[in-house]
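Residues in the sequence shown are numbered consecutively from 0, following numbering that gives the first Met the number 0. In this text, a Cβ means the ideal position worked out from N, Cα and C, and glycines have one as well.
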Amino acid sequence: MPLDWQRVVDRYGGGKRIPTVAGGKMLEITGVDDAGVHIRHSLWRDTLAREHLEKAAGLIESDAISRHAGLFVEEYRALVADVRATSAAHVLKDLGFLE
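Put into structure tokens, the structure is as follows:
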């Protein structure tokens with residue numbers, strides 16, 4: 000199933016805190032728009048690009064990237080983007096794409 004962007008907007012549009020893949024910590028999502036998912040940490044703010052998340056979801060669905068969150072991060076860096084791969088894993092796990 001491809002990434003349904005409207006589902007992402009509905010789920011995170013008002014902001015949300017989601018668990019990290021390792022557990023114990025939380026990732027703060029501050030909002031979503033057509034550009035991507037906006038995230039915040041105590042030391043930085045960034046955006047997970049929509050095009051990167053959509054590409055990653057497609058690669059997961061076609062078994063070109065691992066569904067295991069730990070393995071996904073390095074494969075995401077190599078095949079999608081070398082930008083906030085761990086944060087992308089948190090979001091894609093919360094959406095049900097990763098184990």
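Buried or exposed for residue i, going by 16 or more other Cβ atoms inside 10 Å?
i   : result
R83 : buried
S61 : exposed
L42 : exposed
H40 : exposed
G35 : buried
A56 : buried
A63 : exposed
Cα-Cα, which of the options is closest to residue i?
i   : options               : result
L78 : L94, R16, K92 and H51 : H51
K92 : G13, I17 and Q5       : I17
G22 : A68, T46, G12 and A56 : A68
V8  : K24, S65 and H37      : H37
Hey, could you find the ends of the alpha helix (DSSP H) residue i is sitting in?
i   : result
A55 : R49 to E60
Please look up how many angstroms separate the CB atoms of residue i and residue j, rounded, as I've assumed it's under 8 Å.
i   : j   : result
R66 : L97 : 6 Å
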